[in-house]
Amino acid sequence: SSYIGFNEWESLIPLMITSFFSFIITLRLIPIIKKTTRAAGLYGKDLNKNNPKEIPEALGIVPATAYLVTLILTQLFYASDKNSQVQYNSAAFSVCFMIFLGFADDVLNLRWRYKLLLPTIASFPLIVAYSGTTLIIVPEPLRIYLGKAIELGILYKIYMMMLAVFCTNAINIYAGVNGIEAGQSLVIASAALTHNFIEIFLHISDDIYKQHLISVSLLLPFLMSTLALLKYNKYPSKVFVGDTYCYFAGMTFAMAGILGHYSKTMLLFFIPQILNFLISVPQIFGFFECPRHRLPHYNAKEDILEPVTKHHTLINLILWIIGPTHERELVNILIILQIVSCGLAFYIRYHVSSLFY
Ligand code: UD1
Ligand code: MG
């Protein structure tokens, strides 16, 4: 056929062009859509500011829509085998379903326990269509007990669901200061794409090469639309991203990790989110009372953020370590931490893991 499949790196050229459009569309549409979400009553108070203003909320709907259009248009240029196409479309369906449920959450303000359920439901399309391997390779020291690989079967599908639940919620609960939701996602997407390009360059096998091309096709338009969103979401926020965006981002990462077959490496890029999750466990699983917001304390007189010890979050822990900090500076520190963590992830992936596999 005259189409190109996900089997040559040149097939990324149309993707780069469509991704660029998702950047431009997001950049242009946010100033327009923010007026309509504001008029529809979708806004939030910027809690860490003097005289908190009402900021339009749920603007993640714009990059998410631009992203879906990009994914669909990209397929004009691709014709992989039927099997890959079914899986690719199912991944897109899962992301789309997640965006829909995220927007529903922003409009309806769902209770915390339902938030855990939503990504499970949204991951069904891919879980059902997934036909890749359900084998896991056993680390070297355990091989004498378990053999070289274990067939996980249905357990592998449960693992994929849990990955979707983790990635979406982990981003959503590492939040509350201007630009952190989009900022952390931008760093994770960049790290994952770097990993993809390394694997594409190394071309260890045709299968691995193609899997990473598919991951790039899911992540590049995501990165570009996030970049445009960040322009408006960074300190001082002109718009809030909403749960729409957090779920959209998390699901995109889960899908890229699954179809790219590097979900463990993907989880390594989530080190701050894993820490924040572990610190949060007592509150999100109800051992301690979990308030609606677990933000630091805003000291209005000095315009700085102070740690709140009864809110168990990584952000509060960091504030406790570094002392009261201005919001803009705190976000910069959190982003640097994310970048350093991703660097550590590469070290583990390419150095430490070779000792075990
Ligand atoms: C999650 C967190 C919650 C945190 C909230 C902040 C858990 C279990 N939940 O809840 O503790 O307070 O995110 O996003 O950890 N906001 C700001 N500044 C920002 C971003 C958000 O003031 O930079 C406020 C705004 O009022 C905004 C609201 O947070 O409207 C959005 O909260 P939402 O995303 O609905 O909270 P959850 O995801 O439920
Ligand atoms: Mg949220």
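Counting in UniProt numbering, the sequence shown runs from 19 upward without gaps. Using N, Cα and C, we set each Cβ at its ideal position, and we do this for glycine too.
How many angstroms separate the CA atom of leucine 47 from the CA atom of alanine 58? Distance from the CA of leucine 47 to the CA of alanine 58, rounded to the nearest whole angstrom, comes to 16 Å.
Close Cβ partners of alanine 167 (< 8 Å) along its chain, the five nearest in sequence each way excluded: Here the set comprises Leu153, Ile154, Ile155, Val156.
What do you get for proline 159, buried or exposed, if any count of 16 or more other CB atoms within 10 angstroms of its CB means buried? Burial call: exposed.
For phenylalanine 266 and alanine 210, believed in contact at Cβ under 8 Å, the rounded distance: Rounded, the Cβ-Cβ distance is 15 Å, inconsistent with contact.
Whose CA, out of Ala188, Phe219, Ser40, Tyr163, lies closest to the CA of isoleucine 90? Nearest in C-alpha terms to isoleucine 90, of all of Ala188, Phe219, Ser40, Tyr163, is Ser40.
Among Leu238, Thr151, Leu136, Ile226, which one has its Cα closest to the Cα of serine 208? If we check each option's Cα against that of serine 208, Leu238 comes out closest.
Candidates Ala193, Leu247, Arg367, His315: closest to residue 3 by CA position: A query on residue 3 cannot be resolved here, the shown segment of the chain reaching from 19 to 375 and no further.
Chain-ordered list of residues that sit, by beta carbon, closer than 6 Å to a heavy atom of the ligand MG: Qualifying residues come out as Asn190, Ala193, Asp261, Cys264.
Can we count cysteine 308 as close to the ligand UD1, meaning its CB is less than 7 Å from some heavy atom? Yes - the ligand UD1 has a heavy atom lying nearer than 7 Å to the Cβ of cysteine 308.
Take lysine 252 and list the residues in its own chain whose beta-carbon comes closer than 6 Å to its own, dropping the five residues that flank it on each side. So the qualifying residues of the chain are Gly197.
Under 8 Å, do proline 314 and valine 326 count as touching if we go by C-beta distance? Against a cut-off of 8 Å, the Cβ pair of valine 326 and proline 314 comes out as a contact.
With distances taken Cα to Cα, identify the nearest neighbour of valine 195 among Pro254, Ser359, Tyr280. Taking only the C-alpha atoms, the option nearest valine 195 is Pro254.
Quick one, are the C-beta atoms of threonine 262 and alanine 82 less than 8 Å apart? Yes, these two residues count as a Cβ contact at 8 Å.
Exposed unless 16 or more other CB atoms sit within 10 angstroms - verdict on tyrosine 280: Burial of tyrosine 280 is indicated by the presence of at least 16 other C-beta atoms within 10 angstroms of its C-beta.
According to DSSP, simplified to helix, strand and coil, what is proline 159? Shown here, proline 159 sits in a helix according to DSSP, grouped into three states.
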